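Report on one structure; see the data block that follows.
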Amino acid sequence: MTDSIVLRGGTVLTMDDHHTIHPSGDVLVVGDKVEAVGPSLEVPDGTREIDASGGIVMPGMIDTHRHMWQTAMRAYGADWTLTQYFVWYYLEHGRTFRPEDIHAGNLLSAWESLEAGITTTVDWSHGLQTVDHAEAAVDALQATPGRFVLAYGNIQAGPWEWTADPAVRDFLERRRTGAGDMLGFQLAFDVTGDPAFPEKAAFEVARELGLAVTTHAGVWGATNDDGIRLIHENGFAAPENIYVHSATLSTDSYQRIAASGGSISVSTESEQSAGQGYPPTWQVRQFDIPVSLSQDTSVWWSGDLFSAMRSTLGADRSREHLEAHIKGDTVTALSLRAEHVVDWATRGGARALGRDDLGSLEPGKKADVVLIKNDDSPVSFPLLNPYGHVAFQSQRADVHTVLVDGKVVKADGRLVGFDAAAVRRNVEATVEYLRSEMGDDVWDSGMHPGMPEGSKVLDNPYQYTDFQSESTRSARGSMFGEPGSDAGS
Ligand SMILES: [Zn+2]
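Residue numbers (my numbering): 110 to 598.
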């Protein structure tokens with residue numbers, strides 16, 4: 110027996126420097142590495158064959174910013190604004206989470222990533238109020254066969270405080286040792302723009318430990334140009350910095366990021382709903398800043414990069430059209446292409462993490478591979494434009510096979526080794542605990558924030574009488590949650 114696997118006869122998106130596509134290609138994996146890519150490969154005796162015909166073979170995707178612990182609250186905040194999120198997690202309930210709750214969320218999120226073909230996920234773990242919480246977070250990541258980066262954070266204390274804790278430093282040094290290339294570490298904290306720059310001490314710890322910093326930057330009402338300027342002027346604008354969102358920054362900030370080699374992690378679904386600012390790719394493109402994609406948190410939206418690619422194309426193009434229309438112009442050729450977002454979801458993430466060995470299918474690279482193939486689906490053919498197919502047609506259920514580090518973690522559409530019942534039990538215990546700590550009223554009102562004033566239907570000059578049919582009345586009632594009211598009259 111050998112430990113080699115070949116995916117045969119798929120449309121292979123190598124995502125190499127030339128974005129080479131093999132229309133009917135094979136990918137041979139030996140051990141933890143890609144051995145060869147091309148048509149009709151010779152393979153060692155005993156190689157396991159996976160039929161990729163009719164499918165797309167691409168590098169594993171990379172999510173550079175996910176609050177994995179929040180997955181235990183999946184969809185709870187679907188109707189939140191950023192303010193409601195801050196109040197719920199930062200001020201009121203974030204402290205309630207115990208280490209086992211962090212573990213439950215992380216474990217669920219880790220499997221969720223693998224299921225969607227995300228082979229590397231950055232766990233932007235800002236609920237680590239004690240080192241016990243951090244141990245639980247890492248234990249969960251290491252209990253799944255994915256590749257992860259724990260971005261250590263703690264929203265319950267200033268970054269200059271928790272990074273100075275010897276127990277935190279001991280944790281980081283201890284858990285890095287022997288973790289290999291399946292688990293990396295970063296420091297995760299935000300820079301408020303306070304002229305005294307108290308975050309300086311945290312940057313110094315990151316430098317001393319050789320860890321990259323990831324920071325929510327350019328978030329409306331929270332972080333702004335002052336933070337970028339302070340980072341840059343104090344000499345901490347390192348190329349490995351990841352600036353998450355970067356949605357409300359000026360030209361000056363984008364130029365500081367571009368000049369220092371940092372990258373931006375765009376969470377389009379998040380920015381569109383929560384209000385950090387307009388998803389910034391339409392601006393970032395002009396400054397030639399490297400981009401990666403991320404999904405932020407499943408407490409609101411989806412956790413797959415198909416959604417990220419789709420929403421990023423939509424937001425970028427939508428803005429490009431709008432800017433043109435304001436000037437009375439028409440866009441006749443789009444700037445952002447499907448190929449670009451597939452690149453951001455793979456190579457872009459690898460670059461952001463400083464991982465030259467990930468993000469493309471080339472000999473010698475780590476064997477993180479995704480096969481998109483769903484023969485029974487009418488959406489699987491015709492396969493004419495593979496980048497367009499990945500970005501706009503494919504979904505997580507079409508992810509047929511996933512390899513991480515040369516090992517099959519999803520086969521024939523099913524996760525390998527996923528104990529759904531056990532993961533579910535732990536998540537249910539967390540939900541039950543949180544609900545009982547809060548009480549049903551607080552729990553329910555957290556999930557259903559009140560409607561704003563002013564959602565009244567405007568007076569309509571084309572309505573000539575006050576008459577409303579039964580169906581119109583009930584439709585309006587249900588839309589605005591006030592059945593029987595006289596909204597609109
Ligand atoms: Zn975030």
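Beta carbons are placed, not taken as given, at the ideal position from N, Cα and C, and that holds for glycine.
Given the structure is predicted, the values throughout are model-derived calculations rather than measurements.
Distance, Cα to Cα, V152 vs S469? For the purposes of this step, residue 152 is identified with residue 43 of the sequence shown, where counting begins at 1. For the purposes of this step, residue 469 is identified with residue 360 of the sequence shown, where counting begins at 1. Whole-angstrom Cα-Cα distance: 20 Å.
What's the call for F576, buried or exposed, on a 16-neighbour Cβ count within 10 Å? For this step, residue 576 is matched to residue 467 along the sequence shown. The residue in question, F576, is exposed, as its Cβ has fewer than 16 Cβ neighbours within 10 Å.
Pick from P491, S554, N215 that is closest to E244, judged by C-alpha positions: Residue mapping note: residue 244 aligns to position 135 of the sequence shown, counting from 1. From the listed residues P491, S554, N215, the smallest Cα separation to E244 is found for N215.
Take the Cβ of W189 as the centre, count every other Cβ of all protein chains shown within 10 Å, and call the residue buried at 16 or more, exposed below. For the purposes of this step, residue 189 is taken as the residue at position 80 of the sequence shown. Residue environment for W189: buried (at least 16 other C-beta atoms within 10 angstroms of its C-beta).
Candidates S218, T286, E282, G302: closest to T253 by CA position: Residue mapping note: residue 253 aligns to position 144 of the sequence shown, counting from 1. Check the Cα spacing between T253 and each of S218, T286, E282, G302: the tightest is with S218.
Stretch pair the stretch 132–149 + the stretch 180–199: three plus CB contacts closer than 8 Å: No contact exists between the stretch 132–149 and the stretch 180–199.
Check this for me: beta carbons of A433 and V440, under 8 Å apart or not? Counting from 1 along the sequence shown, the entry for residue 433 is found at position 324. Counting from 1 along the sequence shown, the entry for residue 440 is found at position 331. Going by C-beta atoms, A433 is nearer than 8 Å to V440.
Local Cβ density within 10 Å of P388, reported as buried at 16 or more and exposed below that: Indexing the sequence shown from 1 puts residue 388 at position 279. Buried: at least 16 other Cβ atoms inside 10 Å.
Check whether the stretch 227–241 and the stretch 160–174 touch, using three or more Cβ-Cβ pairs below 8 Å as the test. Look at the beta carbons and you see the stretch 227–241 touching the stretch 160–174: at least three pairs across the two are nearer than 8 Å.
Per-residue burial, S72 [other beta carbons within 10 Å of its own, 16 or more giving buried]: In this structure the chain extends from 110 to 598, so residue 72 is not present and cannot be described.
So, do the stretch 113–132 and the stretch 493–500 have three or more beta carbon pairs nearer to each other than 8 Å? Result yes; three or more Cβ-Cβ pairs closer than 8 Å.
May I have the straight-line CA-CA distance separating A145 from D210, to the nearest angstrom? Here residue 145 corresponds to residue number 36 of the sequence shown, with the count starting at 1. Here residue 210 corresponds to residue number 101 of the sequence shown, with the count starting at 1. Computed Cα separation, rounded: 42 Å.
Check whether the Cβ of D405 lies closer than 7 Å to any heavy atom of ligand 1, and answer yes or no. As a first step, residue 405 is located in the sequence shown; it is residue number 296 there, counting from the start. Taking non-hydrogen atoms of ligand 1 into account, the C-beta of D405 is found less than 7 Å away from one of them.
Quick one: is the Cβ of W233 within less than 7 Å of any heavy atom of ligand 1? Numbered from 1 along the sequence shown, position 124 holds the residue referred to as residue 233. Flag set: Cβ of W233 near ligand 1.
Go ahead and label S598 buried or exposed: buried means 16 or more other beta carbons lie within 10 angstroms of its beta carbon, across all protein chains shown. Working through the sequence shown from its first residue, we reach residue 598 at position 489. Since pLDDT at S598 reaches only 37, below the 50 mark, its modelled position is unreliable, and the value read off the structure follows with that caveat. By the neighbour-count rule (16 or more Cβ atoms within 10 Å), S598 is not buried but exposed.
Rounded separation between F490 and V451 - CA only: If you number the sequence shown from 1, residue 490 lands on position 381. If you number the sequence shown from 1, residue 451 lands on position 342. Distance between the alpha carbons of F490 and V451 is about 19 Å.
For ligand 1, is there any heavy atom lying closer than 7 Å to the beta carbon of H174? As a first step, residue 174 must be located in the sequence shown, where it is residue number 65. Under cutoff, so the answer is yes.
Residue nearest to T324 in terms of C-alpha spacing, selected from T301, A305, H242: Within the sequence shown, numbered from 1, the residue matching residue 324 stands at position 215. When each option's Cα is compared against that of T324, the closest is T301.
Report the three-state DSSP secondary structure of K474 (helix, strand or coil). One-based indexing of the sequence shown puts residue 474 at position 365. Coil at K474, not helix or strand.
Between the CA atoms of T390 and T421 - distance to the nearest angstrom: Residue 421 sits at position 312 when you count from the first residue of the sequence shown. Residue 390 sits at position 281 when you count from the first residue of the sequence shown. Taking the CA atoms as reference points, T421 sits about 8 Å from T390.
Hey, could you find the ends of the alpha helix (DSSP H) F396 is sitting in? Here residue 396 corresponds to residue number 287 of the sequence shown, with the count starting at 1. In the DSSP assignment, F396 falls within the alpha helix (DSSP H) that extends over 390–396.
Are the Cβ atoms of W269 and E308 separated by less than 8 Å? Taking the sequence shown and counting its residues from 1, the one referred to as residue 269 is at position 160. Taking the sequence shown and counting its residues from 1, the one referred to as residue 308 is at position 199. Contact: yes.
May I ask you to verify whether the stretch 456–463 touches the stretch 400–415, counting CB pairs closer than 8 Å and requiring at least 3? Contact between the stretch 456–463 and the stretch 400–415 is present, because at least three Cβ pairs lie under 8 Å.
Beta-carbon proximity list for G248, same chain, < 7 Å, skipping 5 on both sides: Along the sequence shown, one-based indexing puts residue 248 at 139. Checking the sequence, you will find Asp at residue 248 rather than Gly. Correct list, in chain order: H212.
Can you tell me which of the three DSSP states V115 falls into? Here residue 115 is taken as the residue at index 6 of the sequence shown, counted from 1. V115: strand per DSSP, three-state reduction.
V536, DSSP secondary structure in three states: Locating residue 536 in the sequence shown gives position 427, counting from the first residue. Assignment of V536 by DSSP, reduced to helix, strand and coil, places it in the helix class.
As a quick exercise: from V566, G203, Y261, pick the residue whose alpha carbon is nearest that of G293. Sequence index remark: in the sequence shown, residue 293 carries index 184 (1-based). Ranking V566, G203, Y261 by Cα distance to G293 puts Y261 first.
Could you tell me the distance, in whole angstroms, from the CA atom of A442 to the CA atom of K565? For the purposes of this step, residue 442 is taken as residue 333 along the sequence shown, with counting starting at 1. For the purposes of this step, residue 565 is taken as residue 456 along the sequence shown, with counting starting at 1. When rounded, the distance between both Cα atoms is 39 Å.
Distance check for R278 and D241, CA to CA, integer angstroms please. Here residue 241 refers to the residue found at position 132 when the sequence shown is read from its first residue. Here residue 278 refers to the residue found at position 169 when the sequence shown is read from its first residue. Here the alpha carbons of R278 and D241 stand approximately 13 Å from one another.
DSSP beta-bridge partners of P307: To locate residue 307, count along the sequence shown from 1; it is residue 198. Beta-bridge pairing links P307 to no other residue.
What is the DSSP secondary structure of N215, counted as helix, strand or coil? Working through the sequence shown from its first residue, we reach residue 215 at position 106. Here N215 sits in helix by DSSP.
Please state whether the Cβ-Cβ distance between G386 and A356 is less than 8 Å. What you label residue 386 is simply residue 277 of the sequence shown in a count that begins at 1. What you label residue 356 is simply residue 247 of the sequence shown in a count that begins at 1. Going by beta carbons, G386 and A356 fall inside the 8 Å limit.
Ignoring anything shorter than 3 residues or poking outside the stretch 389–468, list the beta strand (DSSP E) runs there in chain order. Correct list: 400–402.
List the residues that DSSP assigns as beta-bridge partners of R256. Position 147 of the sequence shown, counted from the first residue, corresponds to residue 256. Checking the DSSP bridge columns, you'll see R256 partnered with T229.
Is any non-hydrogen atom of ligand 1 found closer than 7 Å to the C-beta of H242, if you look at the structure I gave you? The residue you call residue 242 lines up with position 133 of the sequence shown. For ligand 1, no non-hydrogen atom lies closer than 7 Å to the CB of H242.
Same chain, Cβ closer than 8 Å to E591, five either side skipped, listed in chain order: By one-based count along the sequence shown, residue 591 stands at place 482. Reliability of the predicted coordinates at E591 is poor, the pLDDT of 48 falling under 50, and the value obtained from them is presented with this limitation in mind. Closer than 8 Å at Cβ, skipping near neighbours: no residue.
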